[in-house]
Amino acid sequence: MRFFYAALAGLILHFSGNALAAAPAYPFCVDASCGLIDRSGNWLVKPNYSKLVPSGPYWVVERASGLEGLLDAQGKVLIPPSFLDIGQFVDGLAPARGRESKNYGYIDTSGKWVIGPRYFGARPFQKGIAQVIHSPKDGAHLTTEFIDASGKRVIPREFLASSSSSPSVNGLNLVEVAGADGEGLSSLIDHRGRFIVPPRKDQFIDLEKDGSIFVQRGNSQYLVNANGKTLFQVSGEEANIRHVGEGLASFEKPGQGVGLIDLRTGKIIVTPQRNWVSVGMFNDGLANLRILLPNKDVSDGYIDRSGKMVIAPRFRIASPFVGGMAVVWGADSHEGVIDRTGQWWRKPQEGQSFRRMSEDEIQDAGHLRSVMIAYHRSGGSLGGPYTPDDAEMVPVARLPMLQELFDGQQLLASVRQHPCGIEVGVNAKGERIWPENLLGRCAAEQLSTNLGYDEEKLSPAARAAYLKEKRRSARVDAEWQHEVEQRDKHSGDIYTLMTRRLYPERAARDDRLRKLVEDAGWIRGEQEVSLHGPARITLPAGLKLLVPEKVAALRERMGAEMAIPLPLPPGYLALQEQKQAGTITEDEYAKREKQWREMFPEAFAAKPKGEKLEEKDNVVSPMAMIADENDRWQASLRVVASGYLHLDESSLPAPDDLIETLEIYGVWRNTGGIDTEVIGHSSYEWISPPRLNQPKKILSWAYRYSDMYSGKPAGQGFRHGVVANVVVPGRSYLVQISANWDGPFSDSLGEVYFPEVLAMAQQIHFQPGQMHGDYVDGDKRVQIPLKYLVTGAPPEAFQRFSTNLQHVIERDEQKKQEKMMHQLQRLGLVVFVMLALFFGARRHSKGKRS
1356 MRFFYAALAG
1366 LILHFSGNAL
1376 AAAPAYPFCV
1386 DASCGLIDRS
1396 GNWLVKPNYS
1406 KLVPSGPYWV
1416 VERASGLEGL
1426 LDAQGKVLIP
1436 PSFLDIGQFV
1446 DGLAPARGRE
1456 SKNYGYIDTS
1466 GKWVIGPRYF
1476 GARPFQKGIA
1486 QVIHSPKDGA
1496 HLTTEFIDAS
1506 GKRVIPREFL
1516 ASSSSSPSVN
1526 GLNLVEVAGA
1536 DGEGLSSLID
1546 HRGRFIVPPR
1556 KDQFIDLEKD
1566 GSIFVQRGNS
1576 QYLVNANGKT
1586 LFQVSGEEAN
1596 IRHVGEGLAS
1606 FEKPGQGVGL
1616 IDLRTGKIIV
1626 TPQRNWVSVG
1636 MFNDGLANLR
1646 ILLPNKDVSD
1656 GYIDRSGKMV
1666 IAPRFRIASP
1676 FVGGMAVVWG
1686 ADSHEGVIDR
1696 TGQWWRKPQE
1706 GQSFRRMSED
1716 EIQDAGHLRS
1726 VMIAYHRSGG
1736 SLGGPYTPDD
1746 AEMVPVARLP
1756 MLQELFDGQQ
1766 LLASVRQHPC
1776 GIEVGVNAKG
1786 ERIWPENLLG
1796 RCAAEQLSTN
1806 LGYDEEKLSP
1816 AARAAYLKEK
1826 RRSARVDAEW
1836 QHEVEQRDKH
1846 SGDIYTLMTR
1856 RLYPERAARD
1866 DRLRKLVEDA
1876 GWIRGEQEVS
1886 LHGPARITLP
1896 AGLKLLVPEK
1906 VAALRERMGA
1916 EMAIPLPLPP
1926 GYLALQEQKQ
1936 AGTITEDEYA
1946 KREKQWREMF
1956 PEAFAAKPKG
1966 EKLEEKDNVV
1976 SPMAMIADEN
1986 DRWQASLRVV
1996 ASGYLHLDES
2006 SLPAPDDLIE
2016 TLEIYGVWRN
2026 TGGIDTEVIG
2036 HSSYEWISPP
2046 RLNQPKKILS
2056 WAYRYSDMYS
2066 GKPAGQGFRH
2076 GVVANVVVPG
2086 RSYLVQISAN
2096 WDGPFSDSLG
2106 EVYFPEVLAM
2116 AQQIHFQPGQ
2126 MHGDYVDGDK
2136 RVQIPLKYLV
2146 TGAPPEAFQR
2156 FSTNLQHVIE
2166 RDEQKKQEKM
2176 MHQLQRLGLV
2186 VFVMLALFFG
2196 ARRHSKGKRS
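Note that this note's numbering has the sequence shown beginning at 1356, numbered continuously upward.
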């Protein structure tokens, strides 16, 4: 697909320098993921990157997050993706920009700064010197200087930075010199600072990557050597000299046509030909040539270095040869490929296209210069529908072709379309190399497109493969999220960058808060640490811990920082001045004033935001913080003097009942239960229902939540996340661990990191005599229902409502009982009267008979 070309298009355009000298390796992308393959089409580096670019004898790799790292020629990781930009490596050094600063410096192949990041821009070294660019001091121009590998200036003056993107070549550098009016004058210097082409206002200089120098002054163009001597000149309104590769240049003299000259000497090789329109790039001794036909139409063919026509002009468009192959367009505009003899290797046909390296890429890409990609617009179909279980039953050879990667005429690998809807990578032998879990990938695709995410519709084998794929995908998402956080930690995401520009005081405070957290006194594994009371943790390697005392101190320092009122944003103050001066309408003022309040509500809050840090639960039980060393996740640990918590399988509440309770509590927490302006709907789903590790007496659970809310004052929105908890009980204390992940990747984060949190919990223990098994009759026991550990205590409004409802029910029951008693009393009276009459009648009857 388009990712093929996107990856290869950046191979050389992003960098300059020598081509790779290592064993052949080729970038190969499938399903938007790129790796390296060998000439057999097998993976050297699995497709874990979005782009791979050659850099000297190395590969600069870029992740989807935008972070860049470095691989050696065999694909071994030298620098993990951790830089925002890594340039061309020359003599072991490359310009780079890290996450901590917007400036450039130079790193070695281990990622260590050799010359610190202090430059606005930096270019690769060339002959032991490098050009660096400084930020403008007067706000007008960027300046540039030249340094050696120690960072020392080697040319004793500064220049204006050239607007040209041409790199240093053979010690030559394009610079600009300030003219009398302050504007830059284009010039060319050598590595000693000597002018090769003196500065002039009316000239433009083009420095090619082979060291060729072209100068344009007005209507005249010149070919100049490395000493500044003019070798060739043409003049006229349409006159030009153009580099065409392999030591040659084309030139055009108005009214005479196009010819060829030797770049080294300026000698004419081919005199101007009136029917030559333009010469393309020479490669493999041939160049594409466009000529004017007698009927005034144009057609393309190929010439050799002497100007002799080798392949007759019969193509609508012809491109340069690459590895003995050239892409051409026929009269019907369909693309095909010819060899050096002009014979068809791939005849033109509809829906077929080819991509080759650009002219710059051809010069610098080494063995990659002969790479070509064939695209197939419509690969056809195998019919269907296909169930995931059919995924591996379809022969690879029958899969419709999407792309083919060639080195010359040799097929390296291809991308094919699987009928289940995914891309499949295939090597030169026709064997599938990607994806590794075909059944799982197909199941995931079908779940999202045809099965409505109903996993019950999958067969046992497909579901098992899908769950494996789901874990892999979750790991990819979690790594991306972490890399983005690391990328934006210092430079900032879009909101942070906006804050730095519009509200620098707020940004400065955020930086101070971040620094407080970083310097809070974290303890790093491996060691045993006291949490509180009898609770201990054997801190594993790769984790860091902030003990309760340090957490309390951090809260206090952060609260003090947050309690300092911030000034109003400068832009808001400027808006007030506009209003007072009467330079803004009332409507426009109201609109912009509302925007400022919505962007930075804390600036207009009546109370300092720091008051929110005074949480009442902070004094109920000491809280520690634990986190992954690289801040991939963090969790709170609370040590509670709860009493003994009895745990066995029979004591665990039913998962469905807990979900129902969570949803009821969720509505009440979101809305108060009776608020008609904000309607809250909460849903919960188990990721891991309450489970008891009986041998270790550890209770754990994790659920997914989502809340939709609308109305006032919350506005409209949607939030979702994952909550995970682990409880480690002792004899009289328990440790409760809580972790929360929110946002679009919360499911993936919970899927990946909850097992890590659970593994960490197993390192918590209690002093002898205070372990869970040390319980004796008479010890204090936990007084709250076990389900409250999962659901939390009922919301206050819910408790009030429940209490009031119970009172209503009790009063209603009492009234019913009173009414029943009254009715019974009346009935009893009636019965009594009837019995009295009955017995009275009997006595009267007996008296008469006697």
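The C-beta atom is built at its ideal place from N, Cα and C for all residues, glycine as well.
Spatial neighbours of Ala1729 in its chain, beta-carbon cut-off 6 Å, leaving aside the 5 residues before and after: Excluding sequence neighbours, Ala1729 sits near Phe1709 and Glu1759.
Taking the continuous beta strand (DSSP E) assigned at Lys1401, which residues delimit it? Trp1398 to Tyr1404
8 Å contact criterion, which His1794 and Glu1778 should meet: CB distance rounded: For clarity, residue 1794 is Leu in the given sequence; the question names His instead. With a Cβ gap of about 15 Å, Leu1794 and Glu1778 do not count as contacting.
Just how far apart, CA to CA, sit Glu1563 and Gln1611? Put simply, the backbone Cα of Glu1563 is about 26 Å away from that of Gln1611.
Would you mind working out which of Arg1549, Glu1513, Phe1670 and Pro1511 sits nearest Gly1526, comparing C-alpha positions? Nearest of Arg1549, Glu1513, Phe1670 and Pro1511 to Gly1526, Cα basis: Arg1549.
Give the single residue among Lys1401, Ile2119 and Ser2087 whose Cα lies nearest to the Cα of Gln1882. The candidate whose alpha carbon is nearest that of Gln1882 is Ile2119.
Between the CA atoms of Pro1743 and Pro1774 - distance to the nearest angstrom: 10 Å
So, with DSSP's three-state summary, where would you put Met1954? helix
Can you name, in chain order, every residue of its own chain whose Cβ lies under 6 Å from the Cβ of Phe1761, other than the five neighbours on each side? Met1727
Helix, strand or coil for Pro2009 per DSSP? According to the sequence as given, residue 2009 is Ala; it is not Pro. The answer is coil: DSSP assigns Ala2009 none of H, G, I, E or B.
Quick one: residues in its chain with C-beta nearer than 7 Å to the C-beta of Ser1725, no 5 flanking neighbours on either side, listed in chain order? Closer than 7 Å at the Cβ level, and outside the excluded window around Ser1725, lie Val1677, Gly1678, Asp1762 and Gly1763.
Is it buried or exposed for Tyr1808, if we count other Cβ within 10 angstroms and need 16 for buried? exposed
Among residues of its own chain, excluding the 5 on either side of Lys1964, which ones have a beta-carbon nearer than 6 Å to its beta-carbon? Reliability fails at Lys1964, whose pLDDT of 45 lies under 50, so the model's placement of it is uncertain and the value that follows must be treated cautiously. The answer, listed in chain order, is Met1917 and Glu1957.
Would a C-beta distance cut-off of 9 Å place Arg1478 and Gln1486 closer than the cut-off? yes
Terminal residues of the continuous beta strand (DSSP E) containing Lys1608? That run of the beta strand (DSSP E) goes Leu1603 to Lys1608.
Residue from Met1913, Leu1578 and Leu1603 whose Cα sits closest to the Cα of Arg1869: Met1913
Under the three-state reduction of DSSP, which class applies to His2001: helix, strand or coil? Of the three classes helix, strand and coil, the one that applies to His2001 here is coil, per DSSP.
Trp1988 and Leu2104 closer than 9 Å at C-beta: The Cβ atoms of Trp1988 and Leu2104 lie closer than 9 Å to each other.
For Trp1988, the three-state DSSP class (helix, strand or coil): DSSP, reduced to helix, strand and coil, places Trp1988 outside both helices and strands of the structure shown, so it counts as coil.
If you draw a straight line from the C-alpha of Arg1732 to the C-alpha of Gly1706, how long is it? 5 Å
Opposing strand residues paired with Ser1761 [DSSP bridges]: The amino acid occupying residue 1761 in the given sequence is Phe; Ser does not appear at that position. For Phe1761, which the question treats as bridged, DSSP gives the partners Met1727 and Leu1766.
Measuring only the C-alpha atoms, how far is Asn1580 from Lys1651? 38 Å
List the endpoints of the continuous alpha helix (DSSP H) containing Met1978. Here Met1978 belongs to no alpha helix (DSSP H); instead the beta strand (DSSP E) covers Met1978 to Asp1983.
For Asp1565, which residues of its own chain have a beta-carbon under 6 Å away from its beta-carbon, when the five flanking residues on both sides are left out? none
Where the beta strand (DSSP E) through Tyr1577 begins and ends: Element bounds for Tyr1577: Ser1575 to Val1579.
Cβ of Ala1979 versus every heavy atom of the ligand ADP: is any distance shorter than 8 Å? Absence of the ligand ADP is noted for the structure shown, with no ligands found whatsoever.
Sort Val1599, Ser1654 and Pro1554 by Cα distance to Leu1641 and report the nearest one. Val1599
Roughly how many angstroms lie between the CA atoms of Ala1376 and Asp1557, to the nearest whole one? In this predicted model, Ala1376 has a pLDDT of only 43, less than 50, meaning its place in the structure is not dependable enough to derive any value.
Roughly how many angstroms separate the alpha carbons of Tyr1927 and Glu1948, rounded to a whole number? 7 Å
Starting from Cys1384, follow the beta strand (DSSP E) in both directions and report where the run begins and ends. Tyr1381 to Val1385
Going by DSSP in three states, Lys1905 sits in which element: helix, strand or coil? helix
Where does Asn1985 land, buried or exposed, given buried means 16+ other C-beta within 10 angstroms? Asn1985 is exposed by the Cβ-count criterion.
Which of the three DSSP states is assigned to Lys1899 in this structure? strand
Work out the CA separation of Gly1421 and Lys1844 for me, nearest whole Å. 14 Å
Where Gly1476 sits in the DSSP three-state scheme: strand
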